[in-house]
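Going letter by letter, the sequence shown gives residues 62 to 208 in my numbering.
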Amino acid sequence: MCVLQMINRSIDTSKCRSDVGSTLSDRNPYPDTLPYDYNRVILPRLPCDENSHYVNASYVNSWLREKAYVVTQAVRTKPMNVEFWRMVWELGSNCIVMLTKVFDFMRVMCLQYWPLTRFLFGDIEVETIDTHTYAHFVSTAFVWCVV
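(1) If I'm right that residue 180 touches residue 187 with Cβ under 8 Å, what's the distance once you round it to whole angstroms?
(2) Can you give the Cα-Cα distance for residue 66 and residue 94, rounded to whole angstroms?
(3) Just to confirm the assignment, what range does the beta strand (DSSP E) spanning residue 208 have?
(4) How far does the beta strand (DSSP E) with residue 182 in it extend, from its first residue to its last?
(5) Identify every run of the beta strand (DSSP E) within the stretch 93–137, keeping only runs that are complete inside it and at least 3 residues long; order them along the chain.
(6) Just curious, the beta strand (DSSP E) that residue 187 is in, first and last residue?
(7) Between which residues of its own chain and residue 189 is the CB-CB distance below 7 Å, once the five residues before and five after are set aside?
(8) Which residues in the same chain as residue 144 place their Cβ atom closer than 6 Å to its Cβ, once the five residues preceding and following it in sequence are excluded?
(9) Anyone know if the C-beta pair for residue 147 and residue 112 falls short of 9 Å?
(10) Could you give the DSSP three-state label for residue 143: helix, strand or coil?
(11) Residue 105 and residue 151: beta carbons closer than 9 Å?
(12) Reducing DSSP to helix, strand and coil, say where residue 163 ends up.
(13) Please state whether the Cβ-Cβ distance between residue 132 and residue 171 is less than 9 Å.
(14) Name, in chain order, the residues that DSSP records as bridge partners for residue 154.
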């Protein structure tokens with residue numbers, strides 16, 4: 062027998078002392094799901110944006126090392142898209158795993174945050190160099206650089 066219970070999302074306020082995430086609605090499509098302070102990804106500030114250090118992303122430890130992975134919410138807006146690629150660049154990421162579809166039953170789940178060919182996201186140029194479609198997933202290779 063399987064019993065399903067509805068789990069309400071909630072924020073443990075003792076672990077989220079930084080209120081910057083709750084005040085940046087354009088950077089948080091789900092304001093009730095914020096990163097905890099102890100594992101929040103903090104980006105270098107840009108001179109033109111005092112909140113540019115904030116991205117709704119968290120570090121995740123592996124068995125072998127701390128901060129081995131980064132998890133983030135689905136990219137839902139164009140400004141979040143620029144922040145996403147900036148985070149990928151700043152952290153030196155070499156692999157991105159998307160665990161949702163762009164569309165699911167005619168509903169937009171997230172923006173397609175990668176270009177079909179080449180696109181400029183802020184100061185970062187991203188180019189799709191290879192795509193392979195399989196039965197249950199798609200593998201896409203990118204190159205990116207600061208311009």
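Here a beta-carbon is modelled for each residue, glycine too, at the ideal position from N, C-alpha and C.
The short version:
(1) 6 Å
(2) Because residue 66 sits at a pLDDT of 43, beneath the cut-off of 50, its placement in the model cannot be relied upon, and the point is left open.
(3) Here residue 208 belongs to no beta strand (DSSP E), and DSSP marks it neither H nor E.
(4) 179–182
(5) 101–103, 115–121, 130–133
(6) 185–194
(7) 175, 176, 177, 178, 201, 203
(8) 116
(9) no
(10) helix
(11) yes
(12) coil
(13) no
(14) None, per the DSSP bridge assignment.
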